[in-house]
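Line order of the protein sequences matches chains A and B. If you read the first sequence in UniProt numbering, its first letter stands for residue 1, the second for the next number, and so on. If you read the second sequence in UniProt numbering, its first letter stands for residue 1, the second for the next number, and so on. Beta carbons: idealized from backbone N, C-alpha and C, even for Gly. Bear in mind the structure is a predicted one, so any value in this text is a computation, not a measurement.
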Amino acid sequence: MSFFSYKDVIEEGDLVLAFISRTDTKPITVTKGQILNTRFGHFKHEDMVGLKYGEQMEGAKGYGFIHLLHPTPELWTLSLPHRTQIVYTHDSAYIMQRLNVISGTRVIEAGTGSASFTHSFARTVGAAGRVFTYEFHEPRYIEAKKELEEHGLTTNTLITHRDVCEGGFEIANIPANFVSKNGGIDADMVFLDLPSPWTAITQLDSVMSKTSKVGVCCFSPCIEQVQKTVEALQEHGWINIELVEVSGRRWEARKDMIRDMGDVVKRLKDIQSRRGKGIETRKRGYLANGKRQLEEETDDSDSGVNKLPNTGKGFNPFGRGERVKEGDANYTWRNVTKVESEIKTHTSYLTFAIRLPC
Amino acid sequence: MKDRSTITENHYVLVRLPSAGMKVVELRKGGNIALGKFGAFNVDDVLGYTYGQSFEIIDNDKLRPIKSLSEEVEMKEESSEDVEAEGDEEIIKDRLIKMLSNSSENNQNIINIGSKIQKLTNEEIDELKKSGATSNIGQLIIQKMIEGHEGFDKKTIFSQQKYLKRKQEKFLRRFTIDYLGSSQMLQYYLEKDSSKLLDMSEETLGSLMTYSNVKPGGKYLLIDETGGVILYSMLERMNCEGTVVLIHENEHANYSALKHSNLSDDLIRSKVKMINWLQILEPENEKIDFQSFSEAELNEMKAPKRSQYYRRQKRANDINEVIEMVQQGNFDAFISITTLDPTTYLPFVIPKVGGSRPITVYSQFKETLLQTQHFLSSDKRILAPSIFETRVRPYQTIPGRIHPLMTMRGYGGYIMVGTRVFPKESVQAVGRGMGRRKTPKKDESSMEPEDSQRGETPYVPEDSQKEDTSFVPEDSMELEK
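This is the structure in structure tokens:
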């Protein structure tokens, strides 16, 4: 039940998300005798038992660490084994908000894909709601079913192996605790992430709520798909058809060095004066001995080698040639935000519509 | 819980108007609701329909359900028995359809002569309007406007449809009754005064709820400066199971939006606990030491005094209960929508959040969250804080003419999300000084942002190796008394 409510302490058999770095979170089922190997060391599962969720864990060799996190649908989305393109949180969060998916909502999802959105739906509709999810690709169906069972989500989520475009959404033997009080599936929200949602739209009539407004969201990457979807929705009595696109950005707080132009001038002057001094020194050396020679030895080991005197590093206001850590107290910085180095410009088009009972 | 399917009496609902305007009204049985220039309707005529139903005002006190607000005139409708003096509605529609059938391939022949192109004068339109606030009059006006529009047949069919839609929005007496969910509540307040919601958009609200992992049965710590819109959104997702502790900075918390929520006061009181900042910072000072009376003493009291005693007792218990609840901590999330500076309050709320639970801070300004993220980067109790921005771009959705709209709302806000963790003392990061061969990446500890793999040096605050602050006893976080 870990996706439905938080636990405080890790027990054997728990699903734990090992946070290794921002881009690397590993899902593990805590099993005695097993070891999680990462590039930051290895971590014994049995040492995790009894630790608190959120606790930082030291590597078995005494260095390196990970954080042991409690699973949430959003963290799962970041760590799950991708079987298909997944619905990212920016999209899923908006879809659920806009179509008012809350505790108690009855959801249809086709197809299941990597079951990432299925996890979100299951969490949000809770014990009072139900999720009916369909997957036509058999290996993916088997994987997803196993995962949903392992994650304890089958209490409110029913997965069916089916091509809904061909076979529709009706389920012959719905388990009694999945039958609505109004009978059948009785969905009030439909999410279609299919190559041809327009063929599934025609199959929805018998499984939608007869007593309340039903919202649909079709998730398609191509505008040609949207065109066909909109036409099919219009034809089948859907209203308030609206197409949108969601863009999500992640920003990071960074520091940018303030480089004062006045310092540039000072540095140029410094270089100039040092060059002048160097020429001076060299001239004096030549004058004294008639050949290129140092006026004074700077280092015993260097004796006899033609070399200019070390006059120090000079004025170096921006740490040129040095490794300067962002935020180094010897320099001045301004706080800036930086966007991710690669952003998602297009996940999919979201076509929304509603239908009222006839 | 409340019925989300059927339009029910005594519920607050959202009324949408063709002009995209919105109204929140209470459906009192027998009541009459005025919609300004769109006319008025009787509450009893809309009860029992499903939420989302649109209506057309046919006569001042007569409604007809219609498919949608933007239902186009060429759509087939069941014929109505209401016949207007000017002629049968169907005939008007037929004429409109004929007009629309005469269109141009492109806009080559359109010459812009401004308003002169319309032969119907404003006076004439006003005259027509006065003849009644019904949809039939509206359609008649539209028909006359099209007839009086000299360039109408030179417009393309798409442009004609747009023209018609604009005029329908202006003259048709239509409205939709929507369920007042959190999105609708947000839209309503955004339209009224977006600054009240600190400019939060629907998509940002969705992200906030999702990243905060709000679900039934949770125990949440919330600062809500939107007058309760966020609180309502949480209660909606929680199905009123669980608890929200609402932190406020005044004598009383403001959650006025909940008065439209159709949730009973008792339910709200049992699920939402109020606490002010002073009570959080100085819990022992603020707890009420209530002098209990014995049975005998109570029996001697006069009735009014006794009830006053019970009131005081209840108030003391409530206050002590919420203070203790916050002292205990282990909240399932901390969510903040406020204009207070996050760097000033976060030190006091971080210890209250349970392990691996989210901390989400909303701000309308990215800069506020920027400072906050910098502030937290030296706090090892918050793992991987990030700033998220979500924007939804709306499209014109006409087959064959699909394109993004030219403008959209600019505001929407940002959220910063981090996870509460328990750092361990004496943890040594893999990194420099350990011998490079052991680590494939030169200078990276798992604590640092992952950006170094992209050739950037992550920002490591100089004091990030400072002593661990997570196990500071709760009391030391309190202010000196």
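Item to complete: Report yes or no: is there a C-beta of chain A within less than 9 Å of the C-beta of ILE141(B)?
Response: It does not; no Cβ of chain A falls within 9 Å.
Worksheet item: Thinking C-alpha only, which one of GLU26(B), LYS155(B), ASP193(B) is nearest ASP178(B)?
Response: The option with the nearest alpha carbon to ASP178(B) is GLU26(B).
Worksheet entry | Rounded straight-line distance, which links the Cα of LEU172(B) to that of LEU222(B) | Spanning the two alpha carbons is a distance of roughly 43 Å.
Worksheet entry | Cross-chain neighbours of GLY41(A) in chain B, by beta carbon under 8 Å | Within 8 Å Cβ-Cβ: VAL430.
Worksheet item: Going along chain B in order, which residues have a C-beta closer than 7 Å to the C-beta of THR337(A)?
Response: In chain order: LYS366, LEU370, ILE387.
Worksheet item: When the distance is taken between beta carbons, is GLY41(A) closer than 9 Å to PHE65(A)?
Response: With respect to GLY41(A), PHE65(A) sits close: the two C-beta atoms are nearer than 9 Å.
Worksheet entry | Amino acids of chain B, ordered along the chain, whose beta-carbon sits closer than 7 Å to that of GLU11(A) | In chain order: nothing, as chain B lies at least about 14 Å away.
Worksheet entry | Where the beta strand (DSSP E) containing ALA384(B) begins and where it ends | For ALA384(B), the uninterrupted beta strand (DSSP E) segment begins and ends at 382-396.
Worksheet item: Do you know offhand how far ARG454(B)'s Cα is from ALA187(A)'s?
Response: Unreliable positioning characterises ARG454(B) in this predicted model, as indicated by a pLDDT of 37, which lies under 50. The coordinate reading is nonetheless provided below. Their Cα atoms are separated by approximately 45 Å.
Item to complete: Below 7 Å CB to CB, which residues in the same chain sit around LEU383(B) once its five sequence neighbours on both sides are set aside?
Response: Once the five neighbours on either side are set aside, the close Cβ partners of LEU383(B) are GLY418, THR419, VAL421.
Worksheet item: What residues in the segment 397-424 of chain B bring their beta carbon closer than 7 Å to a beta carbon of chain A?
Response: Here the close residues are THR397, PRO399, ILE402, THR419, ARG420, VAL421, PHE422, PRO423, LYS424.
Worksheet item: Which of helix, strand or coil does DSSP assign to VAL229(B)?
Response: In this structure, VAL229(B) counts as helix in the three-state DSSP scheme.
Item to complete: Take ASP61(B) and list the residues in its own chain whose beta-carbon comes closer than 7 Å to its own, dropping the five residues that flank it on each side.
Response: Within the same chain, and ignoring the five residues on either side of ASP61(B) in sequence, the residues whose Cβ sits closer than 7 Å to its Cβ are ASN42.
Item to complete: Just the chain A side, please: which residues come within less than 8 Å of HIS374(B) by C-beta, in chain order?
Response: Simply ALA253, LYS255, ASN335.
Fill in: Cβ-Cβ separation, THR118(A) to THR157(A) (assumed contact under 8 Å), whole Å
Indeed, because the Cβ distance is near 6 Å, the residues count as touching under 8 Å.
Discussion item. Are the CB atoms of GLY248(A) and ASP91(A) within a distance shorter than 9 Å?
Written reply: Their beta carbons are under 9 Å apart, which means ASP91(A) touches GLY248(A) by this criterion.
Worksheet entry | CB contact check: HIS90(A) to chain B, cutoff 9 Å | For HIS90(A), the answer is yes, since a Cβ of chain B falls inside 9 Å of its Cβ.
Discussion item. Under 8 Å: do the segment 355-369 of chain B and the segment 54-62 of chain A share three or more Cβ pairs, one atom per stretch?
Written reply: Enough Cβ pairs lie closer than 8 Å, so yes.
Worksheet item: Can you tell me whether DSSP reads residue 365(A) as helix, strand or coil?
Response: The question about residue 365(A) has no answer, for chain A in this structure spans 1 to 358.
Worksheet item: Should VAL392(B) be flagged as near chain A, meaning a C-beta pair shorter than 9 Å?
Response: Judged by the 9 Å Cβ criterion, VAL392(B) is in contact with chain A.
Worksheet item: Could one say the Cβ of PRO358(B) lies closer than 9 Å to chain A's Cβ atoms, at least one of them?
Response: By this cut-off, PRO358(B) is an interface position.
Worksheet item: How would you label ASP451(B), buried or exposed, when you count the other beta carbons within 10 angstroms and need 16 or more for buried?
Response: Bear in mind that the predicted position of ASP451(B) carries a pLDDT of just 38, short of 50, making it unreliable; the figure below should be weighed with that in mind. Buried, because 16 or more other Cβ atoms sit within 10 Å of the Cβ of ASP451(B).
Practice prompt. Please list the segments of the alpha helix (DSSP H) lying wholly inside the segment 288-360 of chain B, counting only runs of 4 or more residues, in order along the chain.
Written response: Listed in chain order, the complete alpha helix (DSSP H) runs (minimum 4 residues) inside the segment 288-360 of chain B are 295-300, 303-328, 342-349.
Worksheet item: Between the C-alpha atoms of TYR88(A) and HIS346(A), what's the straight-line distance to the nearest angstrom?
Response: Between TYR88(A) and HIS346(A), the alpha-carbon positions lie close to 11 Å from each other.
Practice prompt. State the DSSP-derived secondary structure class of SER207(B), mapped to helix, strand or coil.
Written response: SER207(B) falls in the helix class under three-state DSSP.
Worksheet item: Given that GLY217(B) touches chain E, what residues does it touch there, using C-beta distances under 7 Å?
Response: In summary, chain E is missing from the structure at hand, where the protein chains are A and B.
Worksheet item: the segment 165-193 of chain B: which residues have C-beta closer than 7 Å to a C-beta of chain A, in chain order?
Response: Here the close residues are GLY181, SER183.
Item to complete: Please compile the residues from chain B whose C-beta is within a distance smaller than 7 Å of the C-beta of VAL216(A).
Response: Here the premise fails: no neighbours, minimum Cβ distance about 13 Å.
Item to complete: Scan the segment 191-211 of chain A for residues whose Cβ lies nearer than 7 Å to a Cβ of chain B and list them as they occur along the chain.
Response: Along the segment 191-211 of chain A, going in chain order, the ones with a CB nearer than 7 Å to a CB of chain B are THR211.
Worksheet item: Is any beta-carbon of chain B found at less than 9 Å from that of PHE121(A)?
Response: No, because no Cβ of chain B sits closer than 9 Å to the Cβ of PHE121(A).
Worksheet item: Is TYR232(B) close to chain A, meaning its C-beta is less than 9 Å from at least one C-beta of that chain?
Response: Under the Cβ distance rule, TYR232(B) does not count among the residues neighbouring chain A, no pair being separated by less than 9 Å.
Worksheet item: Do you know offhand how far VAL190(A)'s Cα is from ASN173(A)'s?
Response: Each residue's alpha carbon lies about 20 Å from the other.
Worksheet item: Going by DSSP, what residues sit across from SER104(B) in a beta bridge?
Response: By DSSP's assignment, SER104(B) forms a beta bridge with THR156(B).
Worksheet item: In terms of DSSP beta bridges, what is MET22(B) paired with?
Response: DSSP output for MET22(B) lists ARG16(B) as bridge partner(s).
Worksheet entry | Buried or exposed by the 16-neighbour rule on C-beta atoms within 10 Å, applied to ASN106(B) | ASN106(B) should be labelled exposed.
Discussion item. On the criterion of 16 or more Cβ atoms from any shown chain inside 10 Å, does GLU109(A) qualify as buried, or is it exposed?
Written reply: By the Cβ neighbour-count rule, GLU109(A) is buried, with 16 or more other Cβ atoms within 10 Å of its own.
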